[in-house]
Each structure stands twice: as structure tokens, then as C-alpha cells.
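Have a look at the structure below before the remarks.
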Amino acid sequence: MHDDRLLTPGRTCWRLARADQFAPIIDAADYFKHVKAAMLRARHRIVLIGWDFDSRVTFERGEKTLPGPNQLGAFLYWMVWKRPGLDIYVLKSNLRLLPAFDGLWFALTPVSLLNQISSRRLHFAIDGAHPIGSVHHQKLVVIDDAVAFCAGIDLTLERWDTRAHEHDNRQRRTAGRGYGPRHDVGLAVDGAAARALGEQALARWETATKQSLSQVEAKHSAWPSKLRPTLHHVDVGIARTVPELLDRAEVREVEALNLAAIAAARRTVYVENQYLASRTIVEALAARLREDDGPDIVIVLARRGNNPLERGTMDSARHRLIQLLWEADEHGRLGIYWPVTDGGAPIYVHSKVMVVDDRLLRIGSSNFNNRSMGFDSECDVAVEAQPAEPEHDGLRREIASFRDELVAEHLGVSVDELKEAIAEQRSAFKAIEALRGDGKTLRPFTERTVADEAGPLAENDLMDPDHVPRSLTRSVQRFITGLRG
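With UniProt numbering as the guide, the letters of the sequence shown map in order to residues 1 to 485.
Here's what the structure looks like:
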């Protein structure tokens with residue numbers, strides 16, 4: 001089983017495509033800068049696909065190193081003025097449950113008005129081609145079909161932070177308001193992989209607007225000059241979630257890839273995610289914990305939800321599912337943590353990452369909740385090293401190194417210190433336990449920390465369905481029954 005390919009087109013991914021360059025990007029300070037640097041190289045077309053956008057987002061805080069306006073909205077207008085042959089397409093999800101806001105962009109200006117007052121080469125649209133209650137959660141930036149970014153990061157407010165995640169960073173402000181430290185991850189690819197992500201972006205635009213666009217034949221490089229690729233000439237898999245809608249079939253590649261990767265793990269499953277609310281995923285993890293010789297499982301989460309709705313739904317589901325994992329951890333191989341600053345403040349984890357051994361790295365938009373498995377649209381990118389192929393030795397090293405880079409950041413130690421601890425302990429989980437300390441570190445979830453998180457909205461198929469409900473009325477009835485206990 002372990003020699004089978006995890007990335008299988010038509011099952012665990014949509015397509016495999018070659019990236020000449022591949023670069024993970026940790027945290028939004030670097031992500032925003034590299035996205036702007038790539039857009040500055042655009043000659044023909046920029047496509048921005050997101051759950052949300054905000055024109056006031058600033059690309060760089062502190063010293064400005066890139067030309068052009070520093071705010072997203074002004075920058076897009078400047079780019080079409082600067083480049084006569086450039087078209088820009090911006091597509092965000094609507095909310096469907098709040099129809100009054102469906103026609104707004106930046107939550108301020110109606111899209112119809114934006115398109116009237118903007119250049120004919122700057123196009124805005126709201127994507128409502130999804131079931132009621134669902135959202136489009138994919139986050140893509142595609143430049144000339146030559147470079148593409150896929151991430152958990154939207155170009156919107158309260159996303160920017162540096163890798164230091166300082167306890168008190170005055171640059172962490174948007175629209176005059178401060179916010180807490182935040183951790184996120186994205187990636188960039190070029191070559192055929194970028195072109196494939198561009199195909200996905202154009203398909204989204206056509207579904208939303210009925211406007212068909214042809215792909216660009218770029219003959220230049222749009223790769224950001226300051227972004228160092230960690231991999232060259234690597235096949236990447238693109239995994240999607242697409243909910244059923246009218247004559248459109250459901251796609252559950254993200255879920256299938258998660259389950260296949262968990263089943264194939266030998267030594268370590270490392271997860272960073274905003275949520276832990278998918279029973280299907282958690283049961284797969286629990287099954288591996290029960291094995292005598294199963295893998296370590298290390299999960300880094302946000303300490304609590306961002307708002308009362310998240311805390312009532314996702315945190316209460318997590319309360320149940322953590323109990324399931326603790327009960328399954330018969331051999332002491334499970335660590336579930338949240339990161340804190342050197343002053344003890346929780347760092348909000350928004351990243352969506354899974355690293356399995358030195359074999360698979362997956363980064364994208366999908367959460368470990370039910371919605372991301374079959375109800376919202378998602379897009380992830382993954383690379384896989386084959387265990388028995390010597391030519392993949394370099395790829396294996398980079399996959400493991402990226403995991404170690406993330407863990408070392410959370411623990412406030414060097415990557416070398418972490419690698420030494422893993423070698424000494426012969427276990428990633430035991431190494432983390434040995435290195436956890438005061439200041440910037442990982443803190444474990446315990447019975448005490450989750451004691452007050454149980455609630456009636458846990459695993460509710462109205463708020464967090466894993467597929468399009470056959471009957472909205474029945475979902476509402478079950479929701480009300482759950483509230484009554």
C-alpha cells in the first residue's frame with residue numbers, strides 16, 4: 001500500500017502538472033510582497049480569485065521596496081493605467097445567506113458601480129454559482145498563466161503578519177484597528193502547474209459570469225525575483241472540492257487525498273489548520289493512533305474561533321473530536337497544540353497544511369471541517385515523493401525541511417535544534433515535547449482548555465454540512481432539534 005501513488009488524477013487530484021519552480025511561502029507579510037512582485041511583471045492578464053478582498057489591504061508594512069501604490073485597490077487601477085495591454089479580473093464569493101451584501105465588493109461599493117466607473121480592462125464579479133449556504137473558499141492569484149499562487153490567504157484585512165509573530169507589533173493594523181498575531185501559508189508555482197491553476201481560475205470566471213476567456217501564451221517570466229524556489233521540475237497535484245449544483249457533479253478530491261495520505265503515513269502526520277471539525281478525517285487519524293506501530297500525529301490549531309459563530313460551531317465540534325483522538329491515543333503518539341507569542345498571546349492559525357512523513361506536502365484553502373470536504377469550493381496543491389525512487393531524495397528532504405521550518409517557527413527554536421531533537425528522540429512528537437518551553441512555543445490542548453467548549457451546534461449539518469443537503473427544511477429541523485438538546 002505504501003508504494004501506491006497518493007496523487008492519482010480522477011481520485012485524489014484533478015490533474016498532475018509540472019512546475020519548473022515551486023516555493024512555499026510562510027505568513028502573509030512575505031506572501032503579499034511576492035504576490036505584488038509577480039503582478040508587477042504581468043503583461044496580459046491578472047486573475048484574482050478569493051473568498052474576500054479589500055481594497056485597503058497594504059502589501060508592505062514599514063519600508064516600501066516595490067514600485068506602485070501600496071494598497072490593493074489603488075495598485076490594480078495603477079496597473080491597468082501603466083500597462084495598456086493588461087486586463088485584470090477579480091472574482092469573490094458571495095455569502096448567499098446575506099443577500100443584501102451579494103452585490104457588494106470590498107463590503108463598500110456595488111460591483112455594478114465598480115464596473116461602470118473602472119477601466120474597461122478592470123473587471124469585478126461576485127460568484128454566486130454555489131448552493132445556498134455554501135461559499136467559494138478557493139484563494140488563487142494567476143499572472144499571465146505563467147505564475148500562480150494558491151493559499152489559505154485572502155487579500156483582505158487582518159491577514160498580514162511576519163514570521164516573528166511579535167507579541168506587540170504596531171504594524172499589525174488595518175483600517176485604523178489593531179489585531180492579533182496570525183499564521184498562514186501559501187505557495188507559488190510556474191510552468192504547466194501555473195497554467196493548470198489558471199485554467200481553474202478561468203473556469204470559475206466563466207461559471208460566474210458566462211464569459212469565456214482563452215488562456216494566455218506568455219513568453220516571459222513573471223516569477224518574483226526575491227522568491228527562492230525550494231523545488232525545481234516537480235509534478236504537483238491539484239486537488240479540489242466542488243459542491244454539487246444543478247447538472248454539476250460533486251468533486252471530493254481534497255477529502256480523498258487527506259484520507260489516502262493519512263492511511264499511508266509511516267512516521268509522522270503533521271497538520272496545521274484553522275479547524276478540527278471533520279469526523280471523517282478525525283476517525284481516520286484515530287484509527288492510525290490505535291495501531292501498535294502507527295505514526296505520530298501532530299496537529300497545530302487556532303486556540304479558539306474568531307467569532308461567536310465559529311466558537312459555537314467549529315470549537316464545539318472540535319471539543320467532541322479531540323475527545324475521540326485522546327481516547328484513541330493508546331500509545332502516546334498524539335500532540336494537539338496552539339502557538340503563542342513570547343508574551344503568551346495565542347497566534348491565530350489560519351494555515352491549511354498537511355505534511356505526511358517526507359512523502360507528501362499539501363497546501364491550500366481547505367480546512368479540516370465538513371464544509372471543505374463537499375460543500376464549499378476549495379483548491380489545494382500537493383507534491384509527492386515516491387518512497388522507493390532514489391531520484392526523489394531531494395524532494396523528500398525539502399518536504400521534511402518545510403515541516404521542520406514550520407515547527408521551529410512555532411517553538412521559537414532554530415531548524416537545526418529541531419532536527420537534532422528529532423534525531424535524538426526518533427519522533428517528531430517527542431522532539432516537540434522536549435523543546436516546548438516558556439515564551440514563544442506550542443501549548444497543548446488539554447481537558448481543562450476545552451472544558452467549556454461543548455455546545456449544541458457541534459457537528460451540525462446546517463452550519464457545517466459535508467455535502468449539499470437534499471432538503472434544507474430537514475436540515476433546519478435537525479438544527480432546531482439540536483438546539484433544544
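We treat Cβ as the ideally placed atom computed from N, Cα and C, and that holds for glycine.
Residue i, enclosing beta strand (DSSP E) - first and last residue
i, result
"K92", "D87 to S93"
"D235", "L231 to V242"
"I297", "D296 to L301"
"A175", "Premise fails: A175 is in no beta strand (DSSP E) and is neither H nor E."
"G335", "L334 to V340"
"L140", "L140 to I143"
Cβ-based burial, residue i [other Cβ within 10 Å; buried from 16]
i, result
"T481", "Low confidence applies to T481: its pLDDT is 37, below 50, so where it sits in the model is not reliable enough to give any reading."
"S212", "exposed"
"G178", "exposed"
"R426", "exposed"
"D452", "exposed"
"E291", "exposed"
"Q477", "Confidence is the limiting factor: at Q477 the pLDDT is only 39, short of 50, which leaves the residue's position unreliable, though a coordinate-based value still follows. Looking at its Cβ environment, which holds fewer than 16 other Cβ atoms inside 10 Å, Q477 is exposed."
"G191", "buried"
"H232", "exposed"
"R195", "buried"
"T65", "exposed"
"P308", "exposed"
"D4", "exposed"
"R159", "buried"
Residue j beta carbon less than 9 Å from that of residue i
i, j, result
"V381", "G237", "yes"
"P229", "I336", "no"
"W51", "D154", "yes"
"R45", "D127", "no"
"V356", "L325", "no"
"A260", "T8", "yes"
"E244", "E250", "yes"
"L6", "E384", "yes"
"L48", "L91", "yes"
"T341", "P84", "no"
"W14", "A239", "yes"
"Q274", "N370", "no"
"V378", "G364", "Looking at the sequence shown, residue 378 is not Val but Glu. Closer than 9 Å, so yes."
"L289", "I297", "yes"
"V413", "L435", "yes"
"L321", "S278", "yes"
"V147", "R43", "no"
"A38", "P224", "yes"
"residue 488", "I88", "Because the chain spans 1 through 485 in this model, residue 488 falls outside it and cannot be assessed."
"L187", "I25", "yes"
Residue i in three-state terms, based on DSSP
i, result
"E437", "With the sequence shown as reference, residue 437 is identified as Gly, and Glu is not the correct amino acid for it. Coil."
"Q211", "coil"
"E384", "strand"
"R320", "helix"
"T473", "Because the pLDDT of T473 is 42, which lies under 50, any placement of that residue in the model is unreliable, and the question is left without a value."
"L227", "coil"
"D127", "strand"
"D315", "helix"
"T446", "coil"
"R252", "strand"
"A421", "helix"
"F149", "strand"
"D358", "coil"
"L97", "For L97, the predicted model reports a pLDDT of 49, less than 50, meaning its position is unreliable and no value from the coordinates is stated."
"R415", "Per the sequence presented here, residue 415 reads as Val, with Arg not at that position. Correct three-state label for V415: helix."
"D293", "coil"
"L197", "helix"
"D102", "Reliability fails at D102, whose pLDDT of 47 lies under 50, so the model's placement of it is uncertain and no value is given."
"L257", "helix"
"L245", "strand"
"P308", "helix"
"P69", "coil"
"A188", "strand"
Opposing strand residues paired with residue i [DSSP bridges]
i, result
"N273", "L301"
"Y348", "R182"
"P9", "C13"
"S366", "For S366, which the question treats as bridged, DSSP gives no partner whatsoever."
"R18", "D235"
"S377", "H136"
"T268", "D296"
First through last residue of the alpha helix (DSSP H) which encompasses residue i
i, result
"V35", "A28 to M39"
"G62", "Here G62 belongs to no alpha helix (DSSP H), and DSSP marks it neither H nor E."
"R45", "Careful: R45 lies outside any alpha helix (DSSP H), inside the beta strand (DSSP E) at R45 to G50."
"I399", "D393 to L411"
"L72", "L72 to K82"
"A287", "R279 to R290"
Contact with chain D by residue i, beta-carbon distance below 9 Å
i, result
"L325", "Checking the listed chains, one finds no chain D in this structure; it contains a single protein chain."
Proximity test, residue i beta-carbon vs the ligand PLP heavy atom, cut-off 8 Å
i, result
"E433", "Questions concerning the ligand PLP fall outside what the structure shown contains, since it holds no ligand whatsoever."
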